[in-house]
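Position 92 (the sequence shown) corresponds to 92 in the UniProt record's numbering; numbering is contiguous.
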Amino acid sequence: MTDEAARDRKDAQLDRDRVIDADEALTTQQGVRVDHTDDSLKAGGRGPTLMEDFHVREKITHFDHERIPERVVHARGAGAYGVFRPYDDSLREFTTASFLTDPAEETPVFVRFSTVAGSRGSADTPRDVRGFATKFYTREGNYDLVGNNFPVFFIQDGAKFPDFVHAVKPEPRNEIPQAASAHDTLWDFVSLQPETLHAIMWLMSDRALPRSFRMMQGFGVHTFRLIDAAGRGTFVKFHWTPALGTHSLVWDEAQKVSGADPDFNRRDLWDAIEAGDFPEWELGVQLVPEEDEFAFDFDLLDATKLIPEEQVPVRPVGRLVLNRNPDNFFAETEQIAFHTANVVPGIDFTNDPLLQARNFSYLDTQLIRLGGPNFAHLPVNRPVAEVHNDQRDGYGQHRVHTSGTSYNKNSISGDSPAPGAEGSYRHYTEKVEGAKIRERSESFKDFYGQAALFWHSMTPVEAEHIVAAYRFELGKVTDKDIRARVVDQLRLVDLELAQRVAAGVGVPAPSEGAHREGPTSPALSQLTDPVRSVATRKVAVLAADGVDGTGLTRLVADLRRRGAVPEVLGQTDGVVHSETGEDVVVDRALPTMASVLYDAVAVPGGADAALRADGRALHFVAEAFKHGKAIAAFGTGSDLLEAARIDPGAPGVVTTAADGGDVPDAFLDDFADAIAAHRAWDRRTDDVAA
Ligand code: HDE
Numbered sequence: 001m002t003d004e005a006a007r008d009r010k011d012a013q014l015d016r017d018r019v020i021d022a023d024e025a026l027t028t029q030q031g032v033r034v035d036h037t038d039d040s041l042k043a044g045g046r047g048p049t050l051m052e053d054f055h056v057r058e059k060i061t062h063f064d065h066e067r068i069p070e071r072v073v074h075a076r077g078a079g080a081y082g083v084f085r086p087y088d089d090s091l092r093e094f095t096t097a098s099f100l101t102d103p104a105e106e107t108p109v110f111v112r113f114s115t116v117a118g119s120r121g122s123a124d125t126p127r128d129v130r131g132f133a134t135k136f137y138t139r140e141g142n143y144d145l146v147g148n149n150f151p152v153f154f155i156q157d158g159a160k161f162p163d164f165v166h167a168v169k170p171e172p173r174n175e176i177p178q179a180a181s182a183h184d185t186l187w188d189f190v191s192l193q194p195e196t197l198h199a200i201m202w203l204m205s206d207r208a209l210p211r212s213f214r215m216m217q218g219f220g221v222h223t224f225r226l227i228d229a230a231g232r233g234t235f236v237k238f239h240w241t242p243a244l245g246t247h248s249l250v251w252d253e254a255q256k257v258s259g260a261d262p263d264f265n266r267r268d269l270w271d272a273i274e275a276g277d278f279p280e281w282e283l284g285v286q287l288v289p290e291e292d293e294f295a296f297d298f299d300l301l302d303a304t305k306l307i308p309e310e311q312v313p314v315r316p317v318g319r320l321v322l323n324r325n326p327d328n329f330f331a332e333t334e335q336i337a338f339h340t341a342n343v344v345p346g347i348d349f350t351n352d353p354l355l356q357a358r359n360f361s362y363l364d365t366q367l368i369r370l371g372g373p374n375f376a377h378l379p380v381n382r383p384v385a386e387v388h389n390d391q392r393d394g395y396g397q398h399r400v401h402t403s404g405t406s407y408n409k410n411s412i413s414g415d416s417p418a419p420g421a422e423g424s425y426r427h428y429t430e431k432v433e434g435a436k437i438r439e440r441s442e443s444f445k446d447f448y449g450q451a452a453l454f455w456h457s458m459t460p461v462e463a464e465h466i467v468a469a470y471r472f473e474l475g476k477v478t479d480k481d482i483r484a485r486v487v488d489q490l491r492l493v494d495l496e497l498a499q500r501v502a503a504g505v506g507v508p509a510p511s512e513g514a515h516r517e518g519p520t521s522p523a524l525s526q527l528t529d530p531v532r533s534v535a536t537r538k539v540a541v542l543a544a545d546g547v548d549g550t551g552l553t554r555l556v557a558d559l560r561r562r563g564a565v566p567e568v569l570g571q572t573d574g575v576v577h578s579e580t581g582e583d584v585v586v587d588r589a590l591p592t593m594a595s596v597l598y599d600a601v602a603v604p605g606g607a608d609a610a611l612r613a614d615g616r617a618l619h620f621v622a623e624a625f626k627h628g629k630a631i632a633a634f635g636t637g638s639d640l641l642e643a644a645r646i647d648p649g650a651p652g653v654v655t656t657a658a659d660g661g662d663v664p665d666a667f668l669d670d671f672a673d674a675i676a677a678h679r680a681w682d683r684r685t686d687d688v689a690a
């Protein structure tokens, strides 16, 4: 067992709230044993139900009240517990936060990933931002880093947040569309609010379609402050970098996954942790000395801007490992309450007007969502640090305060609990002056420069996906004037981008616009230097009676050895009979699965006649090909590829005529390399009928 898997302080604390019902008698909420719960108490077998049936009344009353308001944004999510540990003490010169600086200290965490726009029951793979919210249960109190998988946000001032969210959410008259940005109100808002353009560029990119929560970056977005022991501040941006690399689905696939498995990302996280494949991220920071506050051509307080990594490198800090699934979705994942103002000594805010609004909103929203001011007593929210204060009473008070006073100062209880103890949080001493005005700072007003930086940093494949995404989204906008206004804004980012989008959405192409020769930031591309790994990749192995069992077993064992997750798909569940009459166990029945649920597909020989006659099998390989996935076939397995009109010479397609024990190592290596590449982006697929 790794030290990460050992029980941490939060896990141990939760023991006092865990309920184990195994082998227990059914009781009411009052602990009275219940003899029978199938029938209500009635006056005679066919008579009216009696009011005095306290058990059934209690059962139904509880049921009637089982729903709480879903989060107004980020309603759909999944979470897990884990631990964070810094690599060393090198941040100590910048911050007093010991969870970031003491390598001997392992801090328990809960991380919740989410989509933003959809309802709680929506699918996992719409085009959307993903939330990446981390609660660190530190010894000095809870610290929440409530981030996203994009480093920039859509608006600059919290005053616009309700407008932005109302625009992206389903339209008010008919609540259509669910969990989708492709509709008139969002694009109307975008066309009128150009500060959105940079984050919208990210939304149109592959970043909005993560293959897995385990394969996406996270960002704190705002500029925060680290505070050292002397009270000196340093600006900081937080980054999470996934060990498995940052990888995305393709749009056609993402849409189909929504039907084939709406829980795709949630299941992936759950399954990986259950299998012991604990997801990992590295925490990194970009540090900017206070004296460099104005050294950039954007404002550090503007959340629609990032600091290019080439300008300020990301410095590694420590490692996050998620190693434990929650016991109960509602109690833990639904009731966890994040708040940007949950900070610990050594970390402080800046005057970013978006962050300032968040510091109001998160506490406020928990009051309605969790029904009152005592939500910090809920097991998942409770700090591991001790809590002592005079905040008594309120709905759901769980604590029995025994002191005779609930005010400070007091003489009756020895002035306890007393403020000012060592280790108290102290706000950064920042000099502030200015007139009271309601206006946007001039330093926030370049809306196009970083949108262009992002666009110009994309590889051709990524750029093509962005153009296709704009065309899809604007193609769903019914009001042509809105489409034209968006194109008119894109013109100011880059003329060629605007022209390519215009050509697909039936509005006149602009002839004038921006041509920027400026710098690029390769770190913004997912494809310039991707992490290549086979670990945890799901591989479908298609089988039917007559299959080359020896070759299949060799392939499956090889994939497992490399850390991949192969599954044998038969035409029905149960077993298929190999060519030598042996049983090959089927993991999944083909009709219950789809190629979009796998990263790669392999076709052993021997079963091709049955598979060639099966439209599902043909569609399976053709669709995997269309989505750029690694495809392997050995022996007569190649005949299925041929029947599906797959070019065996195409990038990412690996074949060999050998079979059985003769399947060569080089073939297995090539297949593993193709899987590790994530997708064969240079494959031509326009003419594939899938
Ligand atoms: Fe949030 N946001 N947000 N947000 N946000 C919420 O809090 C809000 C913003 C983010 O898994 C709500 O508990 C305002 C930026 C995540 O439980 C609410 C503004 C970023 C989550 C809220 C923002 C985020 C939320 C809804 C603009 C990335 C899910 C329920 C001023 C850095 C946390 C809740 C979880 C959730 C308000 C902008 C990330 C209403 C007012 C920027 C990951 O309080």
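Backbone N, C-alpha and C fix where the C-beta goes; we use that ideal spot for every residue, glycine too.
Remark: the shortest separation between the CB of GLY652 and any heavy atom of ligand 1 does not fall under 6 Å. For LYS59, the secondary structure class from DSSP, reduced to helix, strand or coil, is helix. Fully contained in the region 435-513 are the following alpha helix (DSSP H) runs of length 4 or more, in chain order: 449-456, 460-475, 480-493, 495-505. Contact between the region 238-255 and the region 277-294 is present: 3 or more CB-CB pairs across the two stretches fall below 8 Å. In the three-state DSSP reduction, ARG315 falls in the strand class (E or B).
Checking the 6 Å criterion, the Cβ of PHE330 is out of range of every heavy atom belonging to ligand 1. Comparing C-alpha distances from VAL165 to each of ALA179, LEU322, HIS36 shows the shortest one belongs to ALA179. The Cβ atoms of THR125 and SER258 lie closer than 7 Å to each other. GLY82 is positioned such that its CB atom lies no closer than 7 Å to that of ASN265. If you check the CB distance, GLY637 and VAL603 come in under 7 Å. DSSP, read as helix, strand or coil, puts ASN328 in coil.
In the three-state reduction of the DSSP assignment, ARG33 falls in the strand class, which pools E and B. Just measuring C-alpha positions, the residue of ARG683, ARG225, ASP206 sitting nearest GLN217 is ASP206. For GLN193, the number of other beta carbons within 10 angstroms of its own is at least 16, and it is reported as buried. Separation of VAL384 and ARG612 (C-alpha to C-alpha, rounded to the nearest whole angstrom) is 59 Å. If you look at LYS431, you'll find it isn't in any alpha helix (DSSP H); DSSP assigns it neither H nor E.
Taking the CA atoms as reference points, PRO510 sits about 6 Å from GLN499. Straight across, the Cα-Cα distance linking ASP144 with PRO289 is about 23 Å. THR28 is classed as exposed because its beta carbon has fewer than 16 other beta carbons within 10 Å across all chains shown. For PHE338, the CB falls within less than 6 Å of some heavy atom of ligand 1. Distance from the Cα of ARG127 is smallest, within the candidate group LEU209, ARG46, GLU175, for LEU209. In the pairwise beta carbon analysis, the region 547-562 is classified as not touching the region 473-486: fewer than three pairs are separated by under 8 Å.
Remark: three or more beta-carbon pairs, one from each stretch, lie closer than 8 Å, so the region 675-685 and the region 619-634 are flagged as touching.
Set against 6 Å, the gap from the CB of LEU354 to the closest heavy atom of ligand 1 is smaller. For the pair GLN286 and LYS237, the CB atoms are nearer than the 7 Å cut-off. Burial state of THR340 is buried, judged by a 10 Å Cβ sphere holding 16 or more other Cβ atoms. With a threshold of 16 other beta carbon atoms within 10 Å, ASP89 falls short and is exposed.
Bounds of any alpha helix (DSSP H) do not take in THR241; it lies within the beta strand (DSSP E) bounded by 233-242.
DSSP, reduced to helix, strand and coil, places TYR362 within a helical segment of the structure shown.
For GLY549, the uninterrupted alpha helix (DSSP H) run begins and ends at 549-561, by DSSP. For PHE296, there is no enclosing beta strand (DSSP E), as DSSP gives it neither H nor E. DSSP, read as helix, strand or coil, puts ARG112 in strand. Counting only runs of 4+ residues, the alpha helix (DSSP H) found wholly inside the region 604-674 occupies 608-612, 615-626, 638-643, in chain order. The closest heavy atom of ligand 1 lies 6 Å or more from the beta carbon of HIS627.
When the Cα atoms are used, ALA80 and LEU527 turn out to be separated by approximately 28 Å. Secondary structure within the region 254-300: the alpha helix (DSSP H) runs of 4 or more consecutive residues, fully enclosed, are 264-274 (chain order).
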